[in-house]
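Input: a single structure, listed below in structure tokens.
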Amino acid sequence: MNLLVPLMTIVRKETIRIFRVWRQSFLPSVVTTTLYFIIFGNFIGSRISDMAGFKYVDFIMPGLVMLSVITTSYTNVAGGFFLSKFQRSIEEMIVSPTPNWVIIAGHAIGGMVRGLVTGILVMLVSLFFTHIKIHNIWIILIYFILTSAMFSLAGFLNGMIANSFDDIALIPNFLLTPLIYLGGVFYSITVLPEFWQHISKFNPILYMVSGFRYGFLGFSDIDVFFGFVILLVFTAVFFIINMILMKKGYGIKS
Amino acid sequence: MDALNIENLTKTYANGVEAVKGVSISIPERSFYGLLGPNGAGKTTIIGIITDMVVKTSGRIKIFDKDIDKEFSDAKQLIGVVPQEMNFAIFEKVIDIVVQQAGYYGIAKKDAEKNAEKYLRQLGLWDKRDEQAKSLSGGMKRRLMIARALIHEPKLLILDEPTAGVDVELRRDMWSFLTRLNKSGTTIILTTHYLEEAEHLCKRIAIINKGMIIEDSSTKEIINKLDKQSYILDIASPMKKKPEMKGCNITIIDDTTIEIELDKSQNLSELMRLLDKEKITILSMRNKANRLEEMFIDLIENGKEGKEKGKRK
Numbered sequence: 002m003n004l005l006v007p008l009m010t011i012v013r014k015e016t017i018r019i020f021r022v023w024r025q026s027f028l029p030s031v032v033t034t035t036l037y038f039i040i041f042g043n044f045i046g047s048r049i050s051d052m053a054g055f056k057y058v059d060f061i062m063p064g065l066v067m068l069s070v071i072t073t074s075y076t077n078v079a080g081g082f083f084l085s086k087f088q089r090s091i092e093e094m095i096v097s098p099t100p101n102w103v104i105i106a107g108h109a110i111g112g113m114v115r116g117l118v119t120g121i122l123v124m125l126v127s128l129f130f131t132h133i134k135i136h137n138i139w140i141i142l143i144y145f146i147l148t149s150a151m152f153s154l155a156g157f158l159n160g161m162i163a164n165s166f167d168d169i170a171l172i173p174n175f176l177l178t179p180l181i182y183l184g185g186v187f188y189s190i191t192v193l194p195e196f197w198q199h200i201s202k203f204n205p206i207l208y209m210v211s212g213f214r215y216g217f218l219g220f221s222d223i224d225v226f227f228g229f230v231i232l233l234v235f236t237a238v239f240f241i242i243n244m245i246l247m248k249k250g251y252g253i254k255s
Numbered sequence: 512m513d514a515l516n517i518e519n520l521t522k523t524y525a526n527g528v529e530a531v532k533g534v535s536i537s538i539p540e541r542s543f544y545g546l547l548g549p550n551g552a553g554k555t556t557i558i559g560i561i562t563d564m565v566v567k568t569s570g571r572i573k574i575f576d577k578d579i580d581k582e583f584s585d586a587k588q589l590i591g592v593v594p595q596e597m598n599f600a601i602f603e604k605v606i607d608i609v610v611q612q613a614g615y616y617g618i619a620k621k622d623a624e625k626n627a628e629k630y631l632r633q634l635g636l637w638d639k640r641d642e643q644a645k646s647l648s649g650g651m652k653r654r655l656m657i658a659r660a661l662i663h664e665p666k667l668l669i670l671d672e673p674t675a676g677v678d679v680e681l682r683r684d685m686w687s688f689l690t691r692l693n694k695s696g697t698t699i700i701l702t703t704h705y706l707e708e709a710e711h712l713c714k715r716i717a718i719i720n721k722g723m724i725i726e727d728s729s730t731k732e733i734i735n736k737l738d739k740q741s742y743i744l745d746i747a748s749p750m751k752k753k754p755e756m757k758g759c760n761i762t763i764i765d766d767t768t769i770e771i772e773l774d775k776s777q778n779l780s781e782l783m784r785l786l787d788k789e790k791i792t793i794l795s796m797r798n799k800a801n802r803l804e805e806m807f808i809d810l811i812e813n814g815k816e817g818k819e820k821g822k823r824k
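Residue numbers (the numbering used here), protein chains in the order written: chain V, 2 to 255; chain H, 512 to 824.
Have a look at this one:
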């Protein structure tokens, strides 16, 4: 069997679902980050001194893009996969010869489509508020794509282990959001006391935000290569956990 | 070649319930096979295991000689399944649901669209192709699941109570569709609660109770095992006196209808002569329906728990 056919079928199905409800898929992130740019860029930003030598609004722009990429990739796959479990339409794939890795990859690519389109829209909005330049396009692309892939796979895991719609909201609200906000989106960790700088380095999101920021500003709180390795490791770990749970049929098979 | 071969299949759920206890069945290619049993007998669990929705505890399953554990992809290509409960995305269009299913079997979109048109037309859903699945009636949703199961043209079609809650006319249409499909070479396995349906469609029947096979033979053989035959007679005028005959029990239903239960050892011609002698004019006569039902209840209630047949091929 040509595995590209089932893979593209799942990707097409997910993409159609995302664009069918485009207002819900893309607009909330764009509206929220526009407000961030207005408030932190114009209203408050003008009263905040430079951060690591950069204008405050320019400093936070890469973090705001990552914020939207992470949350939309994650929630898209977590919600979409849980819905297919809830409606039992996941059984369509389980009874077919489509291998588990194709099911996982198809959903993850669907999440990446939503995460990356949202990220691009936020970057377009940022053009109205910032005067940012590109330092290294390859680092931007690698961090942009890998972060979206990693959080899509994490969302898949959440969708698989969730038993109710509440379980879908639990992790984004109580784990993901605090980690993002404490992951250097709005500040450089160099402004923190030394102790909190060390603690912050245990937050994986810091590496994604800082690495992506390096692609624009040429400044990072962490070693960019190390950040890339962290991203790769987390992506692989989530993929492997998903493979193990899919093989067991966790939450799907009895 | 057997379309399906099951050997010593067992399933014990995490809560300790033994749903399937050493079931073995051989279903020949091109047959129309009925799987009957009361609620909770283990029918849906067996179908779940065959279609990979339930993880078996032990046993071996082969689909057209392909082991479902070792030749996972090849075996799955050969099966189409129509589950008992609706399991499609209700907000998607009818055509998308069917074409996507083909994609999961590796069929390119262009070919899938051709197959989709063929089966949606045959099942009377082509006009509804652009409507969301949630807008379909109950009968249409069942037909959609049949079209979806056939989209990759499987050699073995498994239907888990496909006509449950479907009106009589639609049920008859489904029967003729499935009969045509079987004649064209598709092996069909059907679970049903309608014993009339099994009697009408299935050439062979297995009866399951408490996770074990208690009967597995041709439909004709099962019906022949009935000790008695029942007939309903419409008569011209009220019967004044019930005629007496050994091995024959007559029940007056109303003035012009009687029910006759005749031992298999007795002769129907003799009964006719007796009625003629009593000047009873017979206007019409028919077999009492649900013959299989009588056999089914007899098998279940008499506690034949299949000790000797549970492991029979």
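Even glycine gets a Cβ: it sits at the ideal position worked out from N, Cα and C.
Keep in mind the model is a prediction, meaning the values are calculated, not measured.
- Residue 598 of chain H has a beta carbon lying within less than 9 Å of a beta carbon in chain V.
- Among the bridge pairs identified by DSSP, residue 740 of chain H is matched with H:773.
- In terms of beta-carbon proximity, residue 209 of chain V stays away from the interface with chain H, with every pair separated by 9 Å or more.
- At least one CB atom of chain H sits nearer than 9 Å to the CB of residue 10 of chain V.
- Per DSSP, the continuous alpha helix (DSSP H) segment holding residue 72 of chain V begins and ends at 57-87.
- For residue 798 of chain H, there is no enclosing alpha helix (DSSP H); the enclosing beta strand (DSSP E) has its first and last residue at 793-798.
- Leaving aside the five residues that flank residue 771 of chain H on each side, the residues in its chain whose CB is nearer than 6 Å to its CB run, in chain order, 742, 761.
- The straight-line gap separating the alpha-carbon atoms of residue 627 of chain H and residue 664 of chain H is approximately 11 Å.
- Among the CB atoms of chain H, one or more fall inside 9 Å of the CB of residue 99 of chain V.
- DSSP places residue 539 of chain H in the strand class (E or B) of the three-state scheme.
- With respect to residue 542 of chain H, residue 715 of chain H sits close: the two C-beta atoms are nearer than 9 Å.
- Looking only at H:779, H:751, H:747, H:744, the smallest Cα-Cα distance to residue 758 of chain H is reached by H:779.
- If the five residues before and after residue 205 of chain V are omitted, its C-beta is found closer than 7 Å to the C-beta atoms of 231, 235, all from its own chain and listed in chain order.
- Excluding sequence positions up to five before and after residue 107 of chain V, its CB lies within less than 6 Å of the CB of 8, 11, 12, all in the same chain and listed in chain order.
- DSSP, read as helix, strand or coil, puts residue 25 of chain V in helix.
- When Cβ-Cβ separations below 9 Å define contact, residue 88 of chain V makes contact with chain H.
- If you check the CB distance, residue 545 of chain H and residue 713 of chain H come in under 9 Å.
- Counting of Cβ neighbours within 10 angstroms places residue 735 of chain H among the exposed residues, the total staying below 16.
- Neighbours of residue 3 of chain V in chain H, taken as residues at a C-beta separation under 9 Å, are given in chain order as 617, 619.
- Straight across, the Cα-Cα distance linking residue 243 of chain V with residue 530 of chain H is about 29 Å.
- Boundaries of the alpha helix (DSSP H) harbouring residue 586 of chain H: 583-588, taken from the DSSP string.
- Residue 79 of chain V places its beta carbon less than 9 Å from that of residue 156 of chain V.
- Within the region 660-671 of chain H, no residue has its Cβ closer than 7 Å to any Cβ of chain V.
- Residues are counted here when their Cβ sits less than 9 Å from a Cβ of chain H; for the region 234-254 of chain V these are 249, 250, 253, 254, given in chain order.
- At the C-beta level, residue 673 of chain H and residue 657 of chain H come within 9 Å of one another.
- Secondary structure at residue 640 of chain H: coil, using DSSP grouped into helix, strand and coil.
- Note that the region 84-99 of chain V does not touch the region 47-60 of chain V; fewer than 3 beta-carbon pairs, one per stretch, sit closer than 8 Å.
- By the 16-neighbour rule on beta-carbons within 10 angstroms, residue 179 of chain V is exposed.
- For the set V:120, V:143, V:152, the Cα lying nearest the Cα of residue 177 of chain V is the one of V:152.
- Judged by DSSP secondary structure, residue 522 of chain H falls within the beta strand (DSSP E) whose first and last residues are 513-523.
- Cβ contact annotation for residue 254 of chain V (same chain, cutoff 8 Å, sequence separation greater than five): 95, in chain order.
- Taking the C-beta atoms as reference points, residue 169 of chain V is found no nearer than 9 Å to residue 35 of chain V.
- According to the DSSP assignment, residue 112 of chain V belongs to the alpha helix (DSSP H) that extends over 101-127.
- For residue 13 of chain V, a Cβ of chain H is located within less than 9 Å of the residue's own Cβ.
- In the three-state reduction of the DSSP assignment, residue 568 of chain H falls in the coil class.
- Taking residue 211 of chain V as the centre and dropping the five residues before and after it, the same chain places the C-beta of 185, 221, 222, 223, 228 closer than 7 Å to its C-beta, in chain order.
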